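In this text, residue positions in the sequence shown follow my numbering: the first is 1003, and each later residue adds one. Virtual Cβ for every residue (Gly too), placed ideally from N, Cα, C. As the structure is a prediction and not an experimental result, all values here were calculated from the model.
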Amino acid sequence: MTKGSPTPEVDWKLLVRSLKGTGTSEGRMLVQKAILEAGGFPLRLREARRRLFILTTSASEGRPAIIETESGLVCVIALDDLVDVVMERGPTLAQVMEAARGNSQ
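See the structure below:
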C-alpha cells in the first residue's frame, strides 16, 4: 500500500466508530471509502513479494493471516471481512454464553 492522503478530510477511525452498529448500506460504503482513502493506492500484486501474495490470497478467501514483525503482530484481512466485522452487530454476551453452554453439553 502506498501512503494515504497526508491530510485526510475525515479521521477514518472516528468515522468507523461513529458508524459502528448502524448496519446501513450507506454506513458500510462510508466506512469502506474512509479505509481505502486512509490506506492509499494498493500495490500491484507483481510488486509484492511471493509470500505476501499467498497471504493476501488467503485473506481474500476469508482466512486472516497473522505476520510477526519486529514491531509486533500484523493481521492481513480482506476489506469486506473488516467492514463486516466493524459494521455488523455481534451477538450479546448472553447469547455467546448460551451457545457455549449448548456446545459443552
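Using 9 Å as the threshold, is the C-beta distance between residue i and residue j below it?
| i | j | result |
| --- | --- | --- |
| Met1089 | Gly1023 | yes |
| Leu1021 | Leu1032 | yes |
Can you say whether residue i is buried or exposed, counting buried as having 16 or more other CB atoms within 10 angstroms of its CB?
| i | result |
| --- | --- |
| Leu1057 | buried |
| Pro1008 | Residue placement at Pro1008 is poorly supported in this model, since its pLDDT is 49, which falls under 50; the coordinates are not used for a value here. |
| Ala1102 | exposed |
| Ala1096 | exposed |
| Gly1029 | buried |
Got a sec: does the ligand ZN put a non-hydrogen atom nearer than 8 Å to the Cβ of residue i?
| i | result |
| --- | --- |
| Val1076 | In the structure shown, the ligand ZN is absent, as is every other ligand, since no ligand is present at all. |
Along the chain, where does the alpha helix (DSSP H) that runs through residue i open and close?
| i | result |
| --- | --- |
| Glu1070 | Taken as a continuous stretch (DSSP letters only), Glu1070 belongs to no alpha helix (DSSP H), being part of the beta strand (DSSP E) at 1067 to 1071. |
| Gly1064 | From DSSP, Gly1064 is part of no alpha helix (DSSP H); its letter is neither H nor E. |
From this set, the options, which residue's C-alpha is nearest residue i's C-alpha?
| i | options | result |
| --- | --- | --- |
| Ser1062 | Leu1081, Arg1053, Val1087, Ala1036 | Leu1081 |
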